[in-house]
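Notes to accompany the following structure.
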């Protein structure tokens with residue numbers, strides 16, 4: 011029986027549980043298609059996440075998420091990355107669904123980045139190097155990780171929480 015009030019995905023990886031992605035339905039329009047996938051992640055301790063993801067126009071969007079126990083907002087961002095990777099694998103490594111293979115709508119490639127403590131060290135190193143060079147540190151982290159601004163800010167916050175970066179503001 012789970013006793014946590016929130017499911018903490020930051021300390022887990024998809025490999026810790028059973029991940030299942032299966033096609034739900036598909037809508038074809040002109041020369042493209044929009045496809046829906048059911049995503050399920052079940053951990054050994056009984057934690058469970060079910061989601062509905064839609065793939066179209068070279069993008070993966072999450073439409074609905076149900077989790078037991080509930081997800082925090084930070085965990086929702088982590089889950090979105092896991093869903094994107096799993097659904098993209100289910101679609102195949104070729105062109106994105108809905109594209110005819112001749113365009114550049116394929117799934118964007120992210121540089122592999124370490125997770126956990128090594129990932130936080132990488133973020134802190136890139137952040138400090140950009141500050142030293144007078145560049146935008148958030149853009150530097152975005153470039154190093156391949157993640158969006160929002161996800162990069164979350165990663166920077168995690169590095170701050172781990173004591174690898176100085177606090178953003180002095181407390182009074």
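In the working numbering, the protein residues as written are 11 to 182. All C-beta atoms, glycine included, are put in the ideal place defined by N, C-alpha and C.
Nearest-angstrom beta carbon gap, residue j and residue i [assumed within contact, 8 Å]
i	j	result
residue 61	residue 70	Not confirmed; about 11 Å, so no contact.
residue 148	residue 159	6 Å
residue 17	residue 80	7 Å
residue 150	residue 140	3 Å
residue 161	residue 87	6 Å
Boundaries (first-last residue) of the alpha helix (DSSP H) holding residue i
i	result
residue 160	159 to 171
residue 128	126 to 143
residue 153	147 to 155
residue 96	83 to 101
Extent of the continuous beta strand (DSSP E) run through residue i
i	result
residue 61	58 to 66
residue 36	27 to 39
residue 175	Premise fails: residue 175 is in no beta strand (DSSP E) and is neither H nor E.
residue 54	Here residue 54 belongs to no beta strand (DSSP E), and DSSP marks it neither H nor E.
residue 69	69 to 78
CB contact flag (residue i, residue j, <8 Å)
i	j	result
residue 43	residue 36	yes
residue 96	residue 53	no
residue 125	residue 174	no
residue 64	residue 46	yes
residue 78	residue 98	no
residue 169	residue 133	yes
residue 85	residue 19	yes
residue 51	residue 24	yes
Residue-level contact to chain C via CB, residue i, 8 Å cutoff
i	result
residue 152	In the structure shown, chain C does not exist; there is a single protein chain.
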